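Going by UniProt numbering, the sequence shown opens with residue 1, and the numbers climb by one from there. Beta carbons are placed, not taken as given, at the ideal position from N, Cα and C, and that holds for glycine. Source: prediction; values computed, not measured. Read through the structure below, which is laid out as structure tokens, and then see the notes.
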Amino acid sequence: MFFKKKEKEMKKLLAPVSGKLIAIEKVNDPVFAQKMMGDGFAIEPTSEQFYALADGKISAVFPSNHAYGITLDDGMEILVHIGLETVNENGKGFTCHVQLNDVVKAGDMIMEIDSAYLKEKYDLTTMVIFTNANAYEEFKVEYDSEVVGGKDTAASYR
């Protein structure tokens, strides 16, 4: 008898914000483009609302609200980093709707930004970083596609 090894099912991650999916290597910042913080993907946002990518727990909310972390129920750790150098605003232009250790469901609102204000000074490309590489074998993203935040699948992984 021969047993075929069952392949792990792909899990889906919702888009954290509406916009165009781009490869992390195309981000205009070497720390992200060279994957120094981890692998992932990026989105050029077209909206101001940011959502939970999947069910999990808020594991980080930066004091400047420019980034947040979610630990998914399966252990995957994800960092959503809104814009380049936006940390310099010290929270101005950001409204956070969660606190550390809040339990969230896929599609829950996490953050809102004032994009008109922030776009004057910053590139708002948003990075989605998988910070614990041992939590997944592979991930797939349909680059250059448009996604709706909190509704459409941005990536899948196993």
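- Residue environment for Pro16: buried (at least 16 other C-beta atoms within 10 angstroms of its C-beta).
- In this structure, Glu44 keeps its C-beta atom at 7 angstroms or more from the C-beta atom of Thr95.
- The Cβ atoms of Val128 and Lys57 lie no closer than 7 angstroms to each other.
- Here the alpha carbons of Lys151 and Asn88 stand approximately 30 angstroms from one another.
- Between Val27 and Ala42, the C-beta gap is smaller than 7 angstroms, which places the two residues in contact.
- Per the coordinates, the alpha-carbon of Val31 lies some 31 angstroms from the alpha-carbon of Glu9.
- Buried is the label assigned to Ser18, since at least 16 other Cβ atoms lie within 10 Å of its Cβ.
- The beta carbon of Asn90 lies closer than 6 angstroms to those of Ser64 in the same chain, with the five residues before and after it left out.
- It is roughly 13 angstroms from the alpha-carbon of Ala154 to the alpha-carbon of Phe50.
- Annotation: Ala52 to Phe130 spans about 14 angstroms, alpha carbon to alpha carbon.
- Bounds of the beta strand (DSSP E) holding Pro45 are Asp39 to Pro45.
- For the 7 angstroms CB-CB criterion, Ser145 and Lys12 do not form a contact.
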